[in-house]
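Colleague: Residue numbers for the sequence shown follow numbering that gives the first Met the number 0, beginning at 0 and rising by one.
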Amino acid sequence: MRKHIALASLFFALSFSACKDDEAKETTKTSETPTAPKAKDTAPAKPAIPTAPKASEAIMAQAKVIAASGSKVSGTVHFSMKGETVGVHATISGLAPGEHGFHVHEKGDCSSPDAKSAGGHFNPHSVDHGDPKGETHHAGDLGNIAANAEGTAELTVDLPSSFLSLAPDAANNIVGRAVVVHGGVDDLKSQPSGASGPRVGCGVIEMYKAE
Ligand code: CU
Ligand code: ZN
């Protein structure tokens with residue numbers, strides 16, 4: 000029995016000293032590399048500096064609307080996103096008096112004479128065409144703009160960024176797509192695009208910076 004106790008205590012003593020050795024090794028390991036975690040701490044702080052002021056500034060985009068389908072339409076559509084609100088301001092002239100379908104179309108391509116190169120309505124959520132004031136509508140459904148007797152239409156509206164966005168990482172980002180003005184009225188219910196007739200104006204939405 001005494002022999003066993005002696006052996007056991009010897010074993011404990013050995014294993015205890017072994018633990019001490021490991022601890023010593025571990026502490027020297029961490030003390031050898033004190034610069035590595037410091038470098039990691041400063042690295043992510045660098046890209047965080049330029050993104051911080053961007054969040055507080057407005058993101059702006061603009062579309063210069065050019066004539067299509069033999070019309071004399073011209074104008075500008077300005078978009079400004081601040082926080083979760085996107086302000087839309089459109090001034091379009093050369094229209095027939097009355098209401099005209101007004102949408103963001105999928106492709107930023109106004110090159111074809113009938114502007115069909117802009118594709119269909121921008122619809123990232125794969126839902127039905129509809130009234131922008133209703134629950135279901137394309138992200139590109141801006142309804143109608145009304146032209147006065149002189150053929151000039153003006154629209155100013157604030158939309159939530161859940162409707163459409165200018166944020167580069169958003170699924171409903173409209174930058175690089177096109178604004179299209181139609182010859183007829185969007186009835187806000189016909190599928191797939193409100194039966195608003197020929198495309199009489201088209202403009203590619205591009206990022207814009209005020210100087
Ligand atoms: Cu359209
Ligand atoms: Zn639509």
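From the three backbone atoms N, C-alpha and C, an ideal C-beta is built for every residue, glycine too. Fair warning: this is a prediction, and the values are worked out from it, not measured in the lab.
1. Return the CA-CA distance between V174 and A148, expressed in angstroms with no decimal places.
2. For D186, verify whether its CB is less than 7 Å away from any heavy atom of the ligand ZN.
3. Based on the DSSP output, what are the partners of I58 in its beta bridges?
4. As an exercise, report each continuous beta strand (DSSP E) stretch of at least 3 residues that is fully enclosed by the segment 168-209, in chain order.
5. With contact counted as at least three CB pairs below 8 Å, one residue from each stretch, are the segment 180-195 and the segment 92-109 in contact?
6. Let me check one thing: in DSSP terms, what residues is T90 bridge-paired to?
7. Give the C-beta separation of H102 and H88 to the nearest angstrom, bearing in mind that I take them to be a contact with Cβ-Cβ under 8 Å.
8. Measure the C-alpha to C-alpha separation of K81 and P159 and round it to an integer number of angstroms.
9. Between which two residues does the beta strand (DSSP E) containing S98 stretch?
10. For P112, which of N122, S70 and D130 has the nearest alpha-carbon?
11. Is V76 near V64, with beta carbons less than 8 Å apart?
12. So what does DSSP say about A51, is it helix, strand or coil?
13. Quick check: the Cα distance between A57 and S189, rounded to an integer number of angstroms?
14. Thinking just about the alpha-carbon of each residue, which of F162, A166 and A169 is nearest to the one in G133?
Modeller: In brief:
1. 32 Å
2. no
3. M80
4. 177-181 and 198-206
5. yes
6. T75 and E153
7. Not really, about 16 Å apart at Cβ, beyond 8 Å.
8. 10 Å
9. Sequence check: residue 98 is Glu here, not Ser. Run containing E98: G97 to H104, per the beta strand (DSSP E) assignment.
10. S70
11. yes
12. Residue placement at A51 cannot be trusted, given a pLDDT of 44 that sits under 50; what the coordinates show is reported in the next sentence. Note: A51 maps to helix in three-state DSSP.
13. 35 Å
14. F162
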